[in-house]
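I have placed the structure first, in the form of structure tokens, so that the comments after it can refer back to it.
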Amino acid sequence: MADKRFMLTGAQREALSKVFKFADVEETGYVDVATISTLAVQLLGAQLSDNEKQSITNKAESKAEKGLLSYQSFIDIMMEAMQSMTHWGKLTTPLDGYVGFDTVQEQIRKKSLKRGFEFNLMVVGATGLGKSTMVNTLFKSKISRTTGVPSVIPKTVEVKSVSHVIEEKGVRLKLTLTDTPGFGDQINNDKCWDPILEYINDQYKKYLQEETNINRKARIPDTRVHCCLYFVAPTGHRMKPIDIEFMKRLDKCVNIVPVIAKADNLTLEEREAFRRRIREDIEANKIHIYPMVKRDDLDEEEIRANSRIREALPFAVVGSDRFVTVSGKSVLGRKTKWGLIEVENKNHCEFSQLRDMLIRTHMQDLKEVTNTIHYESFRKVQLTEQQKNRIDLSDISDTQESKI
Ligand SMILES: Nc1nc2c(ncn2[C@@H]2O[C@H](COP(=O)(O)OP(=O)(O)OP(=O)(O)O)[C@@H](O)[C@H]2O)c(=O)[nH]1
Ligand SMILES: [Mg+2]
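Under our numbering, read the sequence shown as residues 517 to 920, first letter to last.
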């Protein structure tokens, strides 16, 4: 722990947090422990000796978890370093005026931007609830349309992924959307979850294989499903048993965000009452939905933000991939004989809240939870199984040898 007597000045604190923020390009609250000595040099001066750098790196490594260092640990280590540096006091350049670390921030930023970001989203739910339409609505494109420009989206008949690289202000995002066939129109809907769970687990399997390869790639292509939007039919009653059953199976392996589909079918009061009942069903059946509130790695602000989102779940959404003109402006919407629903208008539905959460505020967290919770438990089961099989096999060969 840093000495309490050593107080950071406002400028020092600002410089520290600036360097941290720029190193933490994806705003995860963590920085890669491998970058710590470069950051220290930029903050504390190029005259840091190799021994001093090594000692900072060692401290960082001891405090890091899975190669990642939290903001608080970063501050503690830097404060400690400042105290122990004999030449720290000799530095004539004030910390907030330091020249140089802006190149590191650029280097790190450029590297991440060049690599691009990956995000994989899946839509699941009963047939005809607007899943394929929502895929298009979310990214304002005709992603789920097949060749040509058919006037209606065809019924989805198999689990299918489409990848698109989209770019906004120089940030490249490789987005993979997995559309799934809706269930509910077969006589027997038993096991309708099988192809979907199989797809999710196949992606974990691929990732694990890549990870355990002797010559593994520096960057493993990530096709793991980071979020699954679960569409609930706007019946206004309660969730159907099949939805409950389905979600119970899904929540073990993926982040589920439930949504009330085709919310234009419900009045505002009906939406509220339905939302309350769905939440009761989710709680009563102990279904884990995203975002979770009880997590060790969240700070108070994040917990508050997640609680606010949970209170608004499931978002009542309306989808459309058609543009309509409203007072001279072209907006995504659905026009009926009695009026117009604007998809992105917060007074009309909660689509924009959903998009903000998925893309603007929680994309990185969805990826982290996928990696640290869902993939981790898959990995554990698989590796334990493999180990058990190896032990069983060696048992067999031992008995065979003793018979010989
Ligand atoms: N009223 C209303 N209709 C919608 C909405 N979203 C989609 N639709 C319409 O519902 C129909 C089915 O939409 P799809 O997107 O194909 O539904 P889906 O869930 O992919 O269907 P499957 O592929 O069979 O599972 C289409 O006619 C859409 O135009 C919505 O929010 N409100
Ligand atoms: Mg579809």
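Glycine included, C-beta positions come from ideal geometry on N, C-alpha and C.
Beta-carbon contacts of residue i that lie in its chain and below 6 Å, excluding the five residues immediately before and after
{"i": "T602", "result": "Because T602 carries a pLDDT of 45, less than 50, the predicted location of this residue cannot be relied on, and the following value inherits that uncertainty. Around T602: no qualifying Cβ."}
{"i": "G835", "result": "G646, T649, M650 and T653"}
{"i": "K778", "result": "G646 and P750"}
{"i": "L882", "result": "H742, C743 and N771"}
{"i": "V842", "result": "none"}
{"i": "K534", "result": "none"}
{"i": "D780", "result": "V834 and I857"}
{"i": "Y715", "result": "V675"}
{"i": "S677", "result": "T692 and T694"}
{"i": "L564", "result": "V557"}
{"i": "P943", "result": "Nothing about residue 943 can be reported from this structure: the residues present for the chain run from 517 to 920 only."}
Cut-off 7 Å between Cβ atoms - residues of its own chain near residue i, not counting five sequence neighbours on either side
{"i": "I921", "result": "Given a span of 517 to 920 for the chain in the structure shown, any question on residue 921 remains unanswerable."}
{"i": "T573", "result": "I552 and S553"}
{"i": "N905", "result": "none"}
{"i": "R895", "result": "L724"}
{"i": "Q902", "result": "none"}
{"i": "K722", "result": "T739"}
{"i": "E786", "result": "G752"}
{"i": "E727", "result": "I736"}
{"i": "T663", "result": "With a pLDDT of 43 at T663, under the threshold of 50, the modelled position of that residue is not reliable, and no figure is offered here."}
{"i": "Q898", "result": "L724"}
{"i": "K845", "result": "none"}
Residues of its chain near residue i, where Cβ-Cβ distance is below 8 Å and the 5 sequence neighbours each way are ignored
{"i": "P711", "result": "E674, V675, T696 and P697"}
{"i": "T900", "result": "none"}
{"i": "R791", "result": "I776, L829, P830 and A832"}
{"i": "L532", "result": "L524, L559, F590, I591 and M594"}
{"i": "F867", "result": "T653, F831, V833, V834, G835, V859 and E860"}
Candidates the options, of which the one nearest residue i by Cα
{"i": "Q869", "options": "D813, R740 and V773", "result": "V773"}
{"i": "Y806", "options": "L693, A800 and L766", "result": "L766"}
{"i": "V639", "options": "I803, L899, V770 and K904", "result": "V770"}
{"i": "A800", "options": "M763, F699 and K851", "result": "M763"}
{"i": "L874", "options": "E634, I593, Q623 and V541", "result": "E634"}
{"i": "V557", "options": "Y546, D548 and K569", "result": "K569"}
{"i": "A642", "options": "I776, D548, M808 and R791", "result": "I776"}
{"i": "R824", "options": "M808, D837 and N863", "result": "M808"}
{"i": "D718", "options": "D706, H680, D738 and K707", "result": "D738"}
{"i": "H878", "options": "K862, A821 and S589", "result": "A821"}
{"i": "W709", "options": "Q725, S677 and D759", "result": "D759"}
{"i": "V687", "options": "F536, E860, K627 and N567", "result": "K627"}
{"i": "L693", "options": "L713, R740 and R754", "result": "R740"}
{"i": "S571", "options": "A597, Y587, L555 and L560", "result": "A597"}
{"i": "L745", "options": "R871, E761 and K685", "result": "R871"}
{"i": "E817", "options": "F536, G545 and R754", "result": "G545"}
{"i": "Q623", "options": "D592, V541, G700 and S565", "result": "V541"}
{"i": "A789", "options": "H680, M755, Q880 and N705", "result": "M755"}
{"i": "N636", "options": "Q898, R793, N887 and E892", "result": "N887"}
{"i": "P670", "options": "G644, L584 and F747", "result": "G644"}
{"i": "E892", "options": "E786, R793 and K768", "result": "K768"}
{"i": "I591", "options": "K707, G583 and A576", "result": "A576"}
{"i": "H753", "options": "L782, E581 and I730", "result": "L782"}
{"i": "V511", "options": "R838, A539 and H804", "result": "Here the chain comprises residues numbered 517 to 920, so residue 511 is not present and cannot be evaluated."}
{"i": "A550", "options": "N861, G844, K685 and L585", "result": "L585"}
{"i": "C865", "options": "Q898, L784, Q880 and R793", "result": "L784"}
{"i": "E684", "options": "K579, R876 and K582", "result": "R876"}
{"i": "I593", "options": "K862, H890 and L560", "result": "L560"}
{"i": "E543", "options": "E581, F699 and Y587", "result": "Y587"}
{"i": "F747", "options": "I730, N729, D706 and G700", "result": "G700"}
{"i": "D706", "options": "H680, I730, E761 and S679", "result": "E761"}
{"i": "H890", "options": "L713, I730 and P757", "result": "L713"}
Expected contact under 8 Å - CB spacing of residue i and residue j to nearest Å
{"i": "R732", "j": "R631", "result": "With a Cβ gap of about 17 Å, R732 and R631 do not count as contacting."}
{"i": "S589", "j": "K579", "result": "4 Å"}
{"i": "E860", "j": "V847", "result": "6 Å"}
Contact test: residue i Cβ vs ligand 3 heavy atom, cutoff 7 Å
{"i": "R740", "result": "Absence of ligand 3 from the depicted structure is noted, with ligand 1 and ligand 2 being the only ligands included."}
When you compare the stretch 808-821 with the stretch 829-847, are there three or more beta-carbon pairs, one atom per stretch, that lie closer than 8 Å?
no
Three or more beta-carbon pairs under 8 Å between the stretch 781-800 and the stretch 848-863, yes or no?
A contact is defined here as three or more CB-CB pairs under 8 Å, and the stretch 781-800 fails this definition with respect to the stretch 848-863.
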